[in-house]
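S.K.: Quick one: the structure is below, and I'll ask about it shortly.
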Amino acid sequence: MPLTPEEPQIHESAQGPRVTPAASRTAQTPRPVPGPRPAAVPRPGRPGPAPAAAHHAGGAPRPAPPVQRATSGPAPVTTSAAPSVSAAVPQIQLIPASAEGALDAAEEAVDLLLDTGRAPGDILVLTTGDLHPWAAHELSFGEPAYWAQHDAGDDVFYADAAQVQRAAGRPVVVFAANGGPLDSAARALPVALTRAGALLIVCGEPERINSVLGAGV
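One point on numbering: in UniProt numbering, the residue at position 51 of the sequence shown is 51, and numbering is uninterrupted.
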């Protein structure tokens, strides 16, 4: 059925058994973004430690509350225990945005995922129009070096949606419909859904997104 614009709060969920973190385990601290080459464009995202688990009087851990942060963009993303890339049916969330604002909305979604403890290597960002500045910069060093960073899988990776067939699956895929031909988005978005292990976040015009996925979701 067609997607409808939701409240901007993003709730990540996945099929399969719920995993309860062990009491002695602490949330993984996302790796810092590797330092840029000379004159490199800084990579977006502000990785930081996940919120510490709260303890009640009995000493048993309780799940950490979602991080709330004031923002002019989408509402904070809430995450639970990290689902496997093999989750059968990823959740789809739509963040309404114009073509001009879709990339900014995607950036905000990535920031919030990182702020709530999602590892940078869990996230793939696809753009239908202009390349993300990081991707454009890294491609200036050649495709082998660019795709080697994708294969390393230790950082957020930004790619042209037209290259989605080459991208490996990751737990979270952020799809920015920031322009480009409609038929290109129509081909790339269903493939992006297959690459998302737990969550597909689509940033774009609801009518355009519905026209692509409405009949198939």
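No residue lacks a Cβ here, since even glycine has one placed at the ideal position from N, Cα and C.
Are V212 and L189 close, meaning C-beta to C-beta below 8 Å?
M.R.: Result yes, Cβ atoms of V212 and L189 sit closer than 8 Å.
S.K.: Taking L199 as part of the beta strand (DSSP E), name the residues at either end of that continuous run.
M.R.: A196 to G204
S.K.: My output table needs one value for P96: the three-state DSSP class, helix, strand or coil.
M.R.: strand
S.K.: Quick test of the definition: if touching needs 3 or more C-beta pairs under 8 Å, does the region 200-211 touch the region 154-167?
M.R.: No, the region 200-211 is not in contact with the region 154-167.
S.K.: Measure the CB-CB distance between P136 and V164 and report whether it falls below 8 Å.
M.R.: In the sequence on display, residue 136 carries Ala and not Pro. No, Cβ-Cβ distance for A136 and V164 is not below 8 Å.
S.K.: Mind checking R118: buried by the 16 CB within 10 Å criterion, or exposed?
M.R.: buried
S.K.: Taking the alpha carbon of A176 as the reference point, which residue from L124, D151 and T116 has its own alpha carbon closest?
M.R.: L124
S.K.: So, with DSSP's three-state summary, where would you put A167?
M.R.: coil
S.K.: By Cβ distance, which residues of its chain are closer than 6 Å to D122, with the 5 residues on each side in sequence left out?
M.R.: Once the five neighbours on either side are set aside, the close Cβ partners of D122 are R170, P171 and V172.
S.K.: Check V156 in the structure and name its three-state DSSP category.
M.R.: coil
S.K.: Determine the direct distance from the alpha carbon of A152 to that of Q91, and round the result to whole angstroms.
M.R.: 25 Å
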